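The next block holds one structure in the form of structure tokens; read it before the comments.
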Amino acid sequence: MKMTSAEANKTLKKLNDEYVALLNREERSKEFNAAMGEDVESVRPAYEYSNVQVELDNLERRIRKIKHAINIFNTTTMVDGFDMTVDEMLVYIPQLTKRKAKLADMSSKLPKARVEEHYGRQSNIIDYTYINYNLEGVARDLELVTDELSKAQIALDVLNNTAIIELEY
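Taken in order, the sequence shown gives residues 54 to 222; the numbers are from my numbering.
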């Protein structure tokens, strides 16, 4: 079966959801309570141990096959415009996201800011916090990181929606 990486990931998510749902149904059905004098058969939930195990095994096998195919794709496929595999990009994008958040915080600071009172402490002494970096440089770096992050996300999206993975399951 052939599908894009995005389709394979959606299929994997669907199979994992089915697996969890089946485990939940099994958990609720494998044991049950009945009151004294109650007809046990009338409250017995539908549950056939061997059938459920076959279904679970089948789902586990399919999940393994798809996950393996995705892993091979991620570790061997290069992302256009970057000297990285998909796997590396999946590390690089969160790194860029963290850097962007840090730079956004730094760029929003005032060169000199009055320290707010803490814990209701009142004092005639006024404290100030001063930035110890070049605000314009941080703003330039923020723009560069934002552009790089967008470029990386778009390149990965394009690849995931166009490159084909061969699945056998």
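Just so you know, even glycine gets a beta-carbon here, dropped at the ideal spot from N, CA and C. All values reported here derive from a predicted model rather than from experimental measurement.
Identity of the residue in the options nearest residue i by Cα
{"i": "ALA54", "options": "GLU79, ALA122, TYR100 and PHE85", "result": "According to the sequence provided, residue 54 is Met. The question's Ala does not apply to it. Ranking GLU79, ALA122, TYR100 and PHE85 by Cα distance to MET54 puts ALA122 first."}
{"i": "ALA74", "options": "ALA87, SER103, LEU112 and PHE85", "result": "LEU112"}
{"i": "GLU108", "options": "ASP194, ILE178 and LEU76", "result": "LEU76"}
{"i": "ALA166", "options": "ASN177, SER203 and TYR181", "result": "TYR181"}
Beta-carbon contacts of residue i that lie in its chain and below 8 Å, excluding the five residues immediately before and after
{"i": "ILE119", "result": "ALA61, THR64, LEU65, LEU68, LEU220 and TYR222"}
{"i": "ARG81", "result": "PRO98"}
{"i": "SER160", "result": "LEU188, VAL191, ALA192 and LEU195"}
{"i": "THR138", "result": "ASN127, THR128, THR129, THR130, MET131 and VAL132"}
Whole-angstrom distance between residue j and residue i, CA atom to CA atom
{"i": "GLY134", "j": "ILE184", "result": "36 Å"}
{"i": "ASP158", "j": "ARG78", "result": "46 Å"}
{"i": "ILE217", "j": "THR57", "result": "4 Å"}
{"i": "ILE179", "j": "VAL168", "result": "7 Å"}
{"i": "GLU94", "j": "ILE146", "result": "56 Å"}
For residue i, the residue or residues it bridges with in DSSP
{"i": "ALA166", "result": "THR182"}
{"i": "THR138", "result": "MET131"}
{"i": "GLU219", "result": "LYS55"}
Beta strand (DSSP E) segment containing residue i, residue limits
{"i": "MET56", "result": "55–57"}
Run of the alpha helix (DSSP H) containing residue i, from where it starts to where it stops
{"i": "GLU113", "result": "102–129"}
{"i": "SER95", "result": "93–96"}
Sequence-distant residues of the same chain with beta carbon closer than 7 Å to residue i, five excluded per side
{"i": "THR199", "result": "LYS153"}
{"i": "GLU201", "result": "LEU149"}
{"i": "PHE85", "result": "VAL96, ARG97 and PRO98"}
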